[in-house]
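Residue numbers (UniProt numbering): 1 to 297. From the three backbone atoms N, C-alpha and C, an ideal C-beta is built for every residue, glycine too. None of these values were measured; they are calculated from a predicted model. For reference, the structure discussed in these notes is given below.
Here is the structure:
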């Protein structure tokens, strides 16, 4: 089977009054560990390599990342260690220094960077958010099969905020051919879109390309967006590394409490929590049908 590059951006919002709190949470609840563990768990017979951009700059998370196989990490740890000397001398200015040197990259820019770093032997790319991951074996092959059957893109169908936000394939799990992405000069930056990567879906639809979505498949929904299962194939927490605030939020305080409660459930017993959302034992998810839809504007 041709090789797949899995693109992940790890980080948290370190700016503003919540920066210190967010850093503490990033260490206490390392989503990247859950993500990488689930990828390894459900990809044992798949041909893949992970390309990870680590915006966290946290040694605790770096040690976790390096404990997993098949990973190329960016930016260079040598560069980060060198710049770490400045952090000791100028702790108040270090975040600004990293931003000005373009080392800490906004999520869409980091994804664009990773696409350009993919080796020549990579035929397919899959974007994953750090709080998104597969929940059954064969997930990579399932996504690629749709591409081989004529789709230009396949992944998490984000329609929970429609009609305010036009539905699209979300970067929490988005699969394309590398060649298609590069040949069309696509970008994950918004570029007139309403959310990260939305413009890619809209451009493909405008050109009458086949778009396959994994619709939300929860049998139990605890929030309109947080804690979503898609196609009985992918879990996406939503706002795993930031405060809960969405385009259609009606009660930010309630959203944040749900985010925390469901986060705690993930880290306490992931299999039991996912099983609750889909009304079966985790090991029986493999017997559930993979739900898909063909999306048209």
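Would you mind reading off the limits of the beta strand (DSSP E) that contains residue i?
{"i": "residue 181", "result": "Note, residue 181: premise wrong, no beta strand (DSSP E); alpha helix (DSSP H) at 178-183."}
{"i": "residue 214", "result": "210-214"}
{"i": "residue 71", "result": "71-74"}
{"i": "residue 144", "result": "From DSSP, residue 144 is part of no beta strand (DSSP E) but of the alpha helix (DSSP H) over 139-148."}
Run through DSSP, which three-state label would residue i get?
{"i": "residue 232", "result": "coil"}
{"i": "residue 132", "result": "strand"}
{"i": "residue 222", "result": "coil"}
{"i": "residue 273", "result": "helix"}
{"i": "residue 280", "result": "coil"}
{"i": "residue 165", "result": "coil"}
{"i": "residue 62", "result": "helix"}
{"i": "residue 266", "result": "helix"}
Work out the CA separation of residue j and residue i for me, nearest whole Å.
{"i": "residue 205", "j": "residue 286", "result": "31 angstroms"}
{"i": "residue 267", "j": "residue 201", "result": "32 angstroms"}
{"i": "residue 257", "j": "residue 263", "result": "10 angstroms"}
{"i": "residue 280", "j": "residue 193", "result": "37 angstroms"}
{"i": "residue 103", "j": "residue 112", "result": "14 angstroms"}
{"i": "residue 74", "j": "residue 8", "result": "10 angstroms"}
{"i": "residue 146", "j": "residue 154", "result": "7 angstroms"}
{"i": "residue 72", "j": "residue 123", "result": "17 angstroms"}
{"i": "residue 249", "j": "residue 239", "result": "13 angstroms"}
{"i": "residue 295", "j": "residue 211", "result": "6 angstroms"}
{"i": "residue 305", "j": "residue 77", "result": "A question about residue 305 goes unanswered here, because the residues of the chain that appear run from 1 up to 297."}
{"i": "residue 32", "j": "residue 10", "result": "7 angstroms"}
{"i": "residue 118", "j": "residue 246", "result": "32 angstroms"}
{"i": "residue 59", "j": "residue 271", "result": "28 angstroms"}
{"i": "residue 120", "j": "residue 68", "result": "22 angstroms"}
{"i": "residue 283", "j": "residue 42", "result": "12 angstroms"}
{"i": "residue 278", "j": "residue 290", "result": "12 angstroms"}
{"i": "residue 115", "j": "residue 252", "result": "34 angstroms"}
{"i": "residue 180", "j": "residue 190", "result": "18 angstroms"}
{"i": "residue 184", "j": "residue 255", "result": "37 angstroms"}
{"i": "residue 62", "j": "residue 188", "result": "25 angstroms"}
{"i": "residue 53", "j": "residue 233", "result": "24 angstroms"}
{"i": "residue 274", "j": "residue 4", "result": "26 angstroms"}
{"i": "residue 229", "j": "residue 107", "result": "22 angstroms"}
Considering only DSSP beta bridges, list what residue i is partnered with.
{"i": "residue 4", "result": "48, 124"}
{"i": "residue 294", "result": "212"}
{"i": "residue 29", "result": "DSSP, once it has assigned bridges, lists no residue as partnering residue 29."}
{"i": "residue 154", "result": "175, 212"}
{"i": "residue 10", "result": "54"}
Could you give the first and the last residue of the continuous alpha helix (DSSP H) run that contains residue i?
{"i": "residue 107", "result": "107-117"}
{"i": "residue 200", "result": "198-206"}
Do residue i and the ligand SAM come close, with the Cβ less than 7 angstroms from some heavy atom?
{"i": "residue 275", "result": "This structure lacks the ligand SAM; in fact it carries no ligand of any kind."}
**Prompt:** Can at least three beta-carbon pairs, one atom from the stretch 163-179 and one from the stretch 128-136, be found at a separation below 8 angstroms?
**Reply:** yes
**Prompt:** Any chance the stretch 136-143 sits against the stretch 42-57, with 3 or more Cβ pairs inside 8 angstroms?
**Reply:** yes
**Request:** Count the CB pairs spanning the stretch 214-222 and the stretch 149-165 that are closer than 8 angstroms, and state whether there are at least three.
**Result:** yes
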